[in-house]
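Protein chains in written order, with our numbering: chain A, 1 to 382; chain B, 1 to 382.
Just so you know, even glycine gets a beta-carbon here, dropped at the ideal spot from N, CA and C.
All figures in this text were calculated on a predicted structure; none of them were measured in a lab.
Number of protein chains: 2
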Amino acid sequence: MATEELENRGEKRSSRKTGSRPRKSEGELASPVAGSDLSDQLSERQRVILRIIIQEFVTTATPVSSEGLVNKYRLPYSSATVRNEMADLERQGYITHPHTSAGRVPSDLGYRYYVQNLMQRQGGLSTVEQHTIQHQFYQIHLELNEWLRLAASVTARTAHNAALVSAPRAYDSRLKHVQLIGVQERWALLVIVTQDGTIKEQMLALDEPQTQDDLTTVSNRLNSLLTNLNWKQIETRLRDWPEDPNKVVAGRMMESLKALDRAQDAQVYRDGLVNILNQPEFSDIERVRQVVQVIENGQSITNIFPEVLSNDGKAVQVIIGGDNRFEDLRMLSVVLGRYGIDGQVAGVVGIVGPTRMEYGRSISTVQYISQLLSGLITERHG
Amino acid sequence: MATEELENRGEKRSSRKTGSRPRKSEGELASPVAGSDLSDQLSERQRVILRIIIQEFVTTATPVSSEGLVNKYRLPYSSATVRNEMADLERQGYITHPHTSAGRVPSDLGYRYYVQNLMQRQGGLSTVEQHTIQHQFYQIHLELNEWLRLAASVTARTAHNAALVSAPRAYDSRLKHVQLIGVQERWALLVIVTQDGTIKEQMLALDEPQTQDDLTTVSNRLNSLLTNLNWKQIETRLRDWPEDPNKVVAGRMMESLKALDRAQDAQVYRDGLVNILNQPEFSDIERVRQVVQVIENGQSITNIFPEVLSNDGKAVQVIIGGDNRFEDLRMLSVVLGRYGIDGQVAGVVGIVGPTRMEYGRSISTVQYISQLLSGLITERHG
DNA sequence: TTTAGCACTCAAGATTAGAGAGTGCTAAGT
DNA sequence: ACTTAGCACTCTCTAATCTTGAGTGCTAAA
């Protein structure tokens, strides 16, 4: 239950008594008298305090103090009261203490609670921003990879963090067109276009020299035989491919189709790494190295993609501090959203940043961009 | 004259009297008595000392001391002598002093001299390494972008630095094949394959619904009319394109062809950013930020590409500390090499790292990888 | 021309002191 | 029972001071 999945944010707010009770986690030490934690539920005031602690910390990046809060937010109770509440919140694991005389800092659990229950619709994109973004997309002439590159760049800029965008992938890809193009006497380029507009190229070694006309003939035959079939169907058809000399082509084609699935995985557009290096938590080189590692090779994050894609109905998924599942994401949070056309194609838009992140804005950004991409793709192939 | 261009390294060693005389540059302060620099030429001993200072500094990353050198390299003269020579080298701008009681550090000028004159063939790749690398390429099934991705990754790993590889670009690109593929009633995908194997996709809005057969007919006509022509020729032909309804297609096609040139620019594969973050000079966050900036958006470096591509005969180009031309490359060095087929296609392989870099190894790596890529590409289309 | 010797410089690390921020707790007030 | 004023206590952060040692530059002798 570590992963937040939001459908309609800020509404459900889990009724007082039934809400799943957050447990202490992390290495935080609760009060010495462990048995003394009676309150397992947050009072309204505690929720208010937790919320502003988080908002404050997210913007200032400095531990927040009781008195600071009272002054800045003109709270109707004293700093001592706030201190008491803070102590309680800490006992329950929502916030921590860097050291005795420091203010409070949200824990991962705190952020999770915030994202699930506390975050009102804030950090949303203004209509001006939305228009600006939209405009950029419509300036590009309907080029899938340009869109994706732009999406990564815009997402990063808008959310002030690093962004990842995966190319859309068909659930059940069907062949749209095959073309063999001779590039040299004994080499041909096999170009495969799938229903979702993905293009895959593959070089083929030919057993014997063939003219472009020969190749075109083969292409045509392949097309009439295989168009609109999915991989499975193509595989069966190709098995029974009559002419022996072309068996090679058929085999290679199958290879390509499979490779296409794999390659698609790897196709991820990244941008905005610099943004997260500007965050004060990355004044430590060791962390920078880790982050760059994580984002550059990107394994740990792309591993989550299938999960996001199969997450029916859940628009956005937030993974905070790696959710105890991903070691290398420990100090990072990831906001992932799906875009595409239901039942046809789907890709992922993601934001990566420190756990101290503007979750509201990140989520809004992911939502907006994925919605935008979905629109563009729908327009392109209904 | 800031840029080294090497053809046959380690040989020319510029005869004593005629070699172009390096001038003091940078903000380095020479001896207080500015007029007192008599020797404008390095003695053999000074060259030896300069060389080992650089080699030593490159491996240890710590300022090298006179006595340290004498001990470690069993030099046949005392540390005092070395100190004198060092003072002279510093007067001429080849090395510097972080502060009074520190050892010497090579200046950019020093590195340049080293690369031009001092560096013997060292840091070359062992045959084992070469085989390992080659093997990896031949495991990939002739997929251009996979090759390039791999090239970036291997280059980075081999040179222990960040790597860039640009996609090969034809000098005079000729059309190999065009195909219109209907993806929706009023939308078609235009796929363009050029002689060098590059593929470009572009969506087209159709004025009226057309069947795949219609589209194929147009494709065929385009092919028979335009195949093997270059952009210029295509442009003229298209201008006179007879059928009016297809004028749109023709126009869009031209747009695509032009876009292809631009897009090609942007297509750069990067890898190994982490490697350079591991270098001790990047313990300072500010620098890290700059480097990530430079490599992520990559403008400053890709701007140099055309220069490399047009560099006839010069195999490898080394830019040290930005060569006073590129502000954001000040603490970085870049080693760039060209690959491709003479007069047909060409791309760039590059290495980026701190100025304190194993130039020998970087150069060897760039040479080997570009030679390898050239081979692969030649094989693919003669 | 080389080198031993030595004074001089400066970064880096250790130590100390002081200030300030913020907490936790207690006891009084409501 | 909750709230709050008050205060002791803790711990970081900064500045100041000192010490150490590495490494140079220069001088004078070989």
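Who are the Cβ neighbours of residue i in its own chain at under 7 Å, not counting the five residues just before and after it?
i, result
"A:Gln-212", "Gly-182"
"A:Val-33", "At A:Val-33 the pLDDT is 27, less than 50, meaning the model places this residue with poor confidence; the figure from the coordinates comes in the next sentence. Same-chain partners within the cutoff: there are none."
"B:Asn-230", "Asp-172, Ser-173, Arg-174"
"A:Pro-280", "Ala-61"
"A:Val-64", "Ile-53, Glu-56, Phe-57, Gly-103, Arg-104"
"B:Thr-355", "Asp-108, Tyr-111, Ile-320, Gly-321, Met-331, Leu-332, Ser-333"
"A:Leu-206", "Arg-186, Trp-187, Ala-188"
"B:Ser-364", "Gly-123, Gly-124, Leu-125"
"B:Ser-219", "Val-178, Gln-179, Leu-180"
"B:Arg-83", "Ser-66"
Grab the span of the alpha helix (DSSP H) containing residue i for me, first residue to last.
i, result
"A:Pro-306", "305-309"
"A:Thr-236", "231-239"
"A:Gln-46", "44-60"
"A:Val-128", "127-139"
"B:Ser-364", "359-380"
"A:Gly-68", "66-73"
"B:Ala-151", "144-159"
"A:Tyr-111", "108-113"
"A:Arg-91", "79-91"
"A:Asn-324", "Here A:Asn-324 belongs to no alpha helix (DSSP H), and DSSP marks it neither H nor E."
"A:Arg-221", "212-226"
Which chain A residues sit within Cβ distance under 7 Å of residue i?
i, result
"B:Gln-389", "This structure cannot settle anything about residue 389 of chain B, because the visible part of chain B is limited to 1 through 382."
"B:Gln-293", "Val-274"
"B:Ser-224", "None at all; the shortest Cβ gap to chain A is about 11 Å."
"B:Glu-56", "Those within 7 Å of B:Glu-56 in chain A number zero; the least Cβ separation is about 24 Å."
The beta strand (DSSP E) with residue i in it runs from where to where?
i, result
"A:Ser-166", "162-166"
"A:Leu-277", "Unbroken run through A:Leu-277 is the alpha helix (DSSP H), 273-277; no beta strand (DSSP E)."
"B:Lys-314", "Premise fails: B:Lys-314 is in no beta strand (DSSP E) and is neither H nor E."
"A:Glu-201", "199-205"
"B:Tyr-194", "A small correction: the amino acid at residue 194 of chain B is Thr; Tyr does not occupy that position in the sequence shown. B:Thr-194 -> beta strand (DSSP E) spans 187-194."
"A:Val-349", "345-354"
"B:Gln-290", "Careful: B:Gln-290 lies outside any beta strand (DSSP E), inside the alpha helix (DSSP H) at 285-297."
"B:Ser-333", "332-341"
"B:Gln-179", "175-184"
Given residue i, which residues of its chain have a CB within under 6 Å of its CB, disregarding the five upstream and five downstream residues?
i, result
"A:Gly-110", "Tyr-94, Ile-95"
"B:Arg-287", "none"
"B:Thr-378", "Ile-341"
"B:Val-191", "Gln-179, Glu-201"
"B:Ser-362", "Ala-159, Val-335, Ile-351"
Less than 8 Å between C-beta atoms, sequence neighbours within five positions excluded: which residues of the same chain meet that for residue i?
i, result
"A:Ile-133", "Leu-125, Val-154, Thr-158, Tyr-368, Ile-369, Leu-372"
"A:Leu-118", "Arg-47, Leu-50, Arg-51, Ile-54"
"A:Arg-237", "Leu-225, Leu-226, Leu-229"
"A:Asp-328", "Gln-290, Gln-293, Val-294, Ser-300, Gly-322"
For a contact defined as C-beta to C-beta under 8 Å, what are the partners of residue i on chain B?
i, result
"A:Val-183", "Lys-176, Gln-195, Gly-197, Arg-380, His-381"
For residue i, return the contacting residues in chain A, with the cut-off set at a CB-CB distance below 8 Å.
i, result
"B:Leu-277", "Ile-285, Val-288, Arg-289, Val-292"
Please compile the residues from chain A whose C-beta is within a distance smaller than 9 Å of the C-beta of residue i.
i, result
"B:Trp-296", "Here residue 296 of chain B turns out to be Glu, not Trp, going by the sequence shown. The contacting residues are Arg-270, Asp-271, Gly-272, Leu-273, Val-274."
Interface positions of the stretch 70-94 of chain A facing chain B (Cβ-Cβ less than 7 Å), listed along the chain: Answer in chain order: no residues at all.
Residues from the stretch 188-222 of chain B in contact with chain A, defined by Cβ distance under 7 Å: Answer set for the stretch 188-222 of chain B: Leu-189, Val-191, Val-193, Gly-197, Ile-199, Glu-201, Gln-202, Met-203.
Three-pair Cβ contact test at 8 Å for the stretch 86-93 of chain B versus the stretch 311-324 of chain B: The stretch 86-93 of chain B vs the stretch 311-324 of chain B: no contact.
Contact list for the stretch 143-172 of chain A against chain B, Cβ threshold 9 Å: Hits within the stretch, in order: Glu-143, Leu-144, Asn-145, Glu-146, Arg-149.
Residues of the stretch 313-335 of chain A whose Cβ lies closer than 8 Å to any Cβ of chain B, in chain order: Along the stretch 313-335 of chain A, none of the residues has a CB nearer than 8 Å to a CB of chain B.
The stretch 304-317 of chain B touching the stretch 187-200 of chain B, judged by at least three CB pairs closer than 8 Å: Proximity of the stretch 304-317 of chain B to the stretch 187-200 of chain B falls short of the contact definition, fewer than three beta-carbon pairs being nearer than 8 Å.
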